[in-house]
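Asker: When the sequence shown is numbered by our numbering, its final residue is 370 and no position is left out of the sequence of numbers.
Just so it is clear, CB atoms sit at the ideal spot from N, CA and C, and this is done for glycine as well.
Take a look at the following structure, please.
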Amino acid sequence: MNKYLTWIEIDLNAIRHNFRVLRKLAGTAKILTVIKADAYGHGMLPIAKLLIQEKVDFIGLSNLTEGIALRKAGIRTPVLLFETTLAEQAKDIIDYELTPTVCTYELAAALNRYAHKCKRVVDIHVKVDTGMGRLGLWYQETPAFMKQIGRLRNLRVQGIYTHFPAADIDRSFTRKQIQQFIMLLQQLKADGWQIPYVHAANSMGLAGYGTHLFNLARPGLMLYGLYPRPELEKKIGLRPAMSVHSRIIFLKRIEKGRSISYGRTFIARRPMTVATLPIGYSDGYLRGLSGKADVLAGGKRCPVLGRVTMDQIVVDVSRVKNPRLGMPVVILGKQGKSPRGSPLKGTFGLREQVSADELAQLARTINYEIVCSLGSRLPRVYKKS
């Protein structure tokens, strides 16, 4: 047992398995795996090193800070920065050999000036807005922009891409985006552009819309064993890579009528045994889970009682046989090991699970936020199961 009271375990074999599933799903397209936001809370550097072992084609990050950290760790794999930035960062982008997303002439010109000074040609990707409304040039304005940057001799347009805001809920809108993007590509081809990489397929795009139109897939969420839509679980066999664990640090018996936690939102209706766990919203366990979520102890579901506090939660362990100080508790993941030939039976009887999707539904958010939040502060232990 490790030295931590609450910690995250990351199953690297699960990441490896998921990457191979995604590689197969991408077919002939090259693959760019997204490890921004510290690999969705899983740890950017360990995940990057594993992906390099798997011969990933590209890595996708959000911004310059993440890119510099990766380069300083000695990772030389091509890196695309999704977040366009200001002209003042052009020097660092080029010095650290990162590939920027460009959708302003100011950034393009600054990159070109410094590249000319260094006697280099810098690859860029152009971001096109077909409906996301966040970053990128509106697709009808893109040909004129491409004509502008085409005059910058020290830039090379290596890629062009768009982003789906509603691929999981609105197929009609997403297909319209694809059609608009294809129209743009046809226009650019007629204008003489030959762009090596064309991409739009995030996890949902890859799983739900195919890749025959484009030659670079950029999955993120599914790398970590999470699904953009629940029904995909029956079609694509992924393995959740993150589990969150804690230990009981305090036990007490409370009587009927006693209250628990801030605001006295929970009043005991019967005598019960409760346990305190050292995890709270400062660790990324969302306050929105107050009085809704369960944890796993002794193979039993144990409800969270009252409000989640900054550093602790209180759970009902009345149904747990012989609860004790130091007893392991699962916050996210499965408890118990399934012996061969009996996939449902484990150390504690029937195997229970608390999934990121379950917590997301209870907190009225998405599974992305669950893993990113939990991974923001807690120590990580990397395992090969």
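Quick check: Lys112 and Thr84, are their CB atoms within less than 8 angstroms of each other?
Answerer: As a working note, residue 112 is residue 127 in the sequence shown. As a working note, residue 84 is residue 99 in the sequence shown. The criterion of a C-beta distance shorter than 8 angstroms is not satisfied by Lys112 and Thr84.
Asker: Would you say Val315 and Met227 are within 8 angstroms of each other, going by their C-beta atoms?
Answerer: What you label residue 315 is simply residue 330 of the sequence shown in a count that begins at 1. What you label residue 227 is simply residue 242 of the sequence shown in a count that begins at 1. No.
Asker: Going by C-alpha distance, which of Arg138, Tyr209 and Gly284 is nearest Leu371?
Answerer: Lying outside -14 to 370, the shown extent of the chain, residue 371 is not represented and no answer is given.
Asker: Please give the ranges of any alpha helix (DSSP H) in the region 40 to 68, keeping only runs that are unbroken, at least 4 residues long and fully inside the region.
Answerer: 49 to 57
Asker: Out of curiosity, what's the CA-to-CA distance linking Asp342 and Ile298?
Answerer: For the purposes of this step, residue 342 is identified with residue 357 of the sequence shown, where counting begins at 1. For the purposes of this step, residue 298 is identified with residue 313 of the sequence shown, where counting begins at 1. Taking the straight line from one Cα to the other gives about 20 angstroms.
Asker: Beta-carbon separation of Lys237 and Leu347 under 8 angstroms?
Answerer: Start at 1 with the first residue of the sequence shown, and residue 237 comes out as number 252. Start at 1 with the first residue of the sequence shown, and residue 347 comes out as number 362. Not in contact: Lys237 and Leu347 (Cβ atoms no closer than 8 angstroms).
Asker: Take Tyr353 and list the residues in its own chain whose beta-carbon comes closer than 7 angstroms to its own, dropping the five residues that flank it on each side.
Answerer: The residue labelled residue 353 in the question sits at position 368 within the sequence shown. These residues qualify, in order along the chain: Tyr25 and Leu206.
Asker: DSSP three-state label for Ile199, please.
Answerer: The residue given as residue 199 occupies position 214 in the sequence shown. Checking the sequence, you will find Phe at residue 199 rather than Ile. Phe199: coil per DSSP, three-state reduction.
Asker: Could you have a look at Pro263 and say whether DSSP puts it in helix, strand or coil?
Answerer: Position 278 of the sequence shown, counted from the start, is the residue given in the question as residue 263. Three-state DSSP puts Pro263 in coil, outside helix and strand.
Asker: Bridge partners for Val339 per DSSP, in chain order?
Answerer: In the sequence shown, the residue the question calls residue 339 occupies position 354. Among the bridge pairs identified by DSSP, Val339 is matched with Gly318.
Asker: What number of angstroms, rounded off, separates the C-alpha of Arg116 from the C-alpha of Asp42?
Answerer: Along the sequence shown, one-based indexing puts residue 116 at 131. Along the sequence shown, one-based indexing puts residue 42 at 57. Residue identity differs from the one stated: residue 116 is Gly in this sequence, not Arg. Each residue's Cα considered, the two are about 27 angstroms apart.
Asker: Check each candidate in Thr258, Ala345, Pro256 and Arg292 and name the one with the smallest Cα separation from Gly265.
Answerer: As a working note, residue 265 is residue 280 in the sequence shown. Closest option to Gly265, Cα to Cα, is Arg292.
Asker: Buried or exposed, going by whether 16 or more other CB atoms sit within 10 Å of the CB of Ile79?
Answerer: Within the sequence shown, the letter at position 94 stands for residue 79. It is buried - the Cβ of Ile79 has at least 16 other Cβ atoms within 10 Å.
Asker: Between Trp(-8) and Pro263, how many whole angstroms is the CB-CB distance? I'm expecting something under 8 angstroms.
Answerer: Taking the first residue of the sequence shown as position 1, residue -8 is located at position 7. Taking the first residue of the sequence shown as position 1, residue 263 is located at position 278. Incorrect: roughly 10 angstroms between the Cβ atoms, too far for contact.
Asker: When we look at the beta-carbon of Arg325 and count the other beta-carbons within 10 Å, is it buried (16 or more) or exposed?
Answerer: Numbered from its first residue, the sequence shown carries residue 325 at position 340. Residue placement at Arg325 cannot be trusted, given a pLDDT of 49 that sits under 50; the coordinates are not used to answer.
Asker: Within the region 149 to 198, note down every full alpha helix (DSSP H) run reaching 4 residues or more, in order along the chain.
Answerer: If we require 4 residues or more, the alpha helix (DSSP H) runs fully inside the region 149 to 198 come out as 156 to 175 and 188 to 194.
Asker: What does the alpha-carbon distance come out to for the pair Val366 and Asp(-4)?
Answerer: Translated into the one-based positions of the sequence shown, residue 366 becomes position 381. Translated into the one-based positions of the sequence shown, residue -4 becomes position 11. About 9 angstroms.
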